[in-house]
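Residue numbers (our numbering), protein chains in the order written: chain U, 3 to 198; chain D, 3 to 198. Yeah, the Cβ is synthetic: ideal placement off N, Cα and C, and Gly gets one too. See below for the structure under consideration.
Number of protein chains: 2
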Amino acid sequence: MPAGSIDRRVARTRSRLQQALFRLTTENGYTAITVEDICREADVGRSTFYTHYPDKDCLRKATIDEHIKSLQAPGAERHSQRNAKGFSFSGPVFEHAHATREMHRALMGGKKREMPEEIRGWISRQVRNELANIQGDEGGGRLEIATRFIVGAFFEVMHWWLETDTKLSPAEIDQIFRQLAFNGVNAVFAEPTRIE
Amino acid sequence: MPAGSIDRRVARTRSRLQQALFRLTTENGYTAITVEDICREADVGRSTFYTHYPDKDCLRKATIDEHIKSLQAPGAERHSQRNAKGFSFSGPVFEHAHATREMHRALMGGKKREMPEEIRGWISRQVRNELANIQGDEGGGRLEIATRFIVGAFFEVMHWWLETDTKLSPAEIDQIFRQLAFNGVNAVFAEPTRIE
DNA sequence: TATGATATTGGACACTGTGTCCAGTATCAG
DNA sequence: CTGATACTGGACACAGTGTCCAATATCATA
């Protein structure tokens, strides 16, 4: 057996488990799911589960990591949008979330926000890079604070957009988000009040 | 027995359970705690727990509700700050969080954000009201989106501020937050790029 | 202080889910 | 075909939940 390749049976089992996880997460949210549920849905023996993943969280982490990696493969076109006004990350992510709406609705968690740390970290890195680009890196905690600010706002807006049956297109919600992020609520609403 | 009053024993038991919950949450985070842990820490029989609360979540909800209510009692001074620039909610909340830092660190959840829905809802109402005030209520989903945007940003900045051993005072972090919220990252960093 | 009402207690119970282990069986690659 | 590897179901010990009950401690008040 070639060292790098994977036994068909292994690939089949893991794929089944990961897809079962997605289906179930969509229905009841992540925390409510049990390992037994996943195995039943995947039609895989429970003892088999534990030969692949030590627990439920590891299955989720592995699943998400693979998913993110598959997104990064055609990495070129993300840079090509760099000089669009504002962030380059938000548009593609809104688009991607829209395309696989059910899966992301599941990822965000229904009422309860269960956004896994892998995704939050990935987005955070994007934001930090882009913010560092548009400023002169003045040191201080400003960059970190702004990053947190934007990431928190982004996930919350995304969550609302996925939960609500809104007519807003990915491009529209992205435009609103970027306007809020760059120009603040004063630019969106009336009577600007400068804060210094 | 007068209908409205509460038996000393009941008050004592509930108080013990609530304080035990806070102590334990500070240590390991909310989800890791078991009902048994709480009872051991509170020195209360486990069966007694269930005569007061149906489960762990209800204890948390009740505890938080009472805490919020006690904050709203001297409600006047919150309105008095209304005409400060920007939000009136953020400053007091930063101050309060700073005063009872440990407790809020616990509430936010260590790495894992476990912010209970009661608090999020309470803050959301504040933000929605204040945003509705500074704009002409132009209908559309704009108000809701902006509310989500601000609430998400606020919790994330608060989380960072509580987790990190930063020297920033409540007033300082509040000032930065409000500037980001009202004027956007462009106002904080260099080379403003208008987004329309 | 005596007393009836009510709260608390520990222990037992059934239940669900976890994670480990193993021997038997099915499937793989060469 | 065959040796290697993966899958399987079932058993196990364990931890935590939520319910119930009879015995005991504490309460409010007459």
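- Taking 8 Å as the threshold, the shortest C-beta distance from Gly-143 (chain U) to chain D falls below it.
- Your pair Ser-90 (chain D) and Asp-176 (chain D) does not check out as a contact, with CB atoms roughly 11 Å apart and the cut at 8 Å.
- For the pair Val-153 (chain U) and Glu-158 (chain D), the CB atoms are nearer than the 8 Å cut-off.
- Taking a Cβ-Cβ cut-off of 7 Å, the neighbours of Asn-188 (chain U) in chain D comprise Phe-184, Asn-185, given in sequence order.
- Identification of chain D residues near Arg-150 (chain U) by a Cβ-Cβ cut-off of 7 Å yields Glu-158, Val-159, Trp-162, ordered along the chain.
- The beta carbon of Val-153 (chain D) sits closer than 8 Å to some beta carbon of chain U.
- Interface with chain U (8 Å Cβ-Cβ cutoff): Ile-147 (chain D) is included.
- Counting only Cβ-Cβ distances below 7 Å, Leu-61 (chain D) has no contacts in chain U at all, with the closest Cβ about 17 Å away.
- With the rule of 3 Cβ pairs closer than 8 Å, the segment 161-178 of chain U counts as touching the segment 96-105 of chain U.
- Counting of Cβ neighbours within 10 angstroms places Pro-118 (chain D) among the buried residues, the total reaching 16 or more.
- Short of 7 Å from the beta carbon of Thr-50 (chain D), and not among the five residues preceding or following it, lie these beta carbons of its own chain, in chain order: Thr-15.
- Beyond the five residues adjoining it in sequence on each side, Gln-21 (chain U) comes within less than 8 Å, by CB distance, of Ala-44 in the same chain, given in chain order.
- Among the residues facing chain U, Leu-133 (chain D) is included, as its CB has a counterpart in that chain under 8 Å away.
- Under the 8 Å criterion on CB atoms, Ile-121 (chain D) is classed as non-interfacial with respect to chain U.
- With respect to the C-alpha of Lys-58 (chain D), the residue from D:Lys-71, D:Ala-148, D:Glu-38, D:Thr-28 having the closest C-alpha is D:Glu-38.
- Interface with chain U (8 Å Cβ-Cβ cutoff): Thr-36 (chain D) is excluded.
- Measuring C-alpha to C-alpha distances from Cys-60 (chain U) to each of U:Leu-26, U:Met-110, U:Glu-120 identifies U:Glu-120 as the nearest.
- Pairing Tyr-55 (chain D) with Arg-115 (chain U), the inter-Cα distance amounts to about 24 Å.
- With respect to Gly-88 (chain U), Phe-156 (chain U) sits apart: the two C-beta atoms are not nearer than 8 Å.
- Collapsing the DSSP output to three states places Phe-91 (chain D) in coil.
- Where Leu-61 (chain D) is concerned, the enclosing alpha helix (DSSP H) starts and stops at 58-74.
- Straight through space, the alpha carbons of Gly-123 (chain D) and Asn-188 (chain D) are spaced by roughly 29 Å.
- Using a Cβ-Cβ cut-off of 8 Å, Ile-178 (chain D) counts as an interface residue toward chain U, since at least one Cβ of chain U sits closer than that to its own.
- Sorting D:Met-110, D:Leu-133, D:His-161, D:Thr-53 by C-alpha distance to the C-alpha of Ala-13 (chain D) places D:Thr-53 at the top.
- With distances taken between CA atoms, Trp-162 (chain U) lies nearest to D:Thr-149 out of D:Thr-168, D:Lys-169, D:Gly-186, D:Thr-149.
- In the displayed model, Tyr-32 (chain U) falls within coil according to three-state DSSP, outside both helix and strand.
- Close to Thr-168 (chain U), with beta-carbon spacing below 8 Å, are these residues of chain D in chain order: Gly-143.
- Note that the C-beta distance between Leu-164 (chain D) and Met-105 (chain D) is not below 8 Å.
- The beta-carbon separation of Ala-108 (chain U) and Thr-27 (chain U), rounded to 4 Å, stays under the 8 Å limit for a contact.
- The beta carbon of Cys-41 (chain U) is closer than 7 Å to those of Gly-47, Arg-48, Phe-51 in its chain, skipping five residues each way along the sequence.
- Between the alpha carbons of Arg-18 (chain D) and Phe-24 (chain D) lies a distance of about 10 Å.
- Counting along the chain, no alpha helix (DSSP H) covers Thr-166 (chain U), and no H or E run does either.
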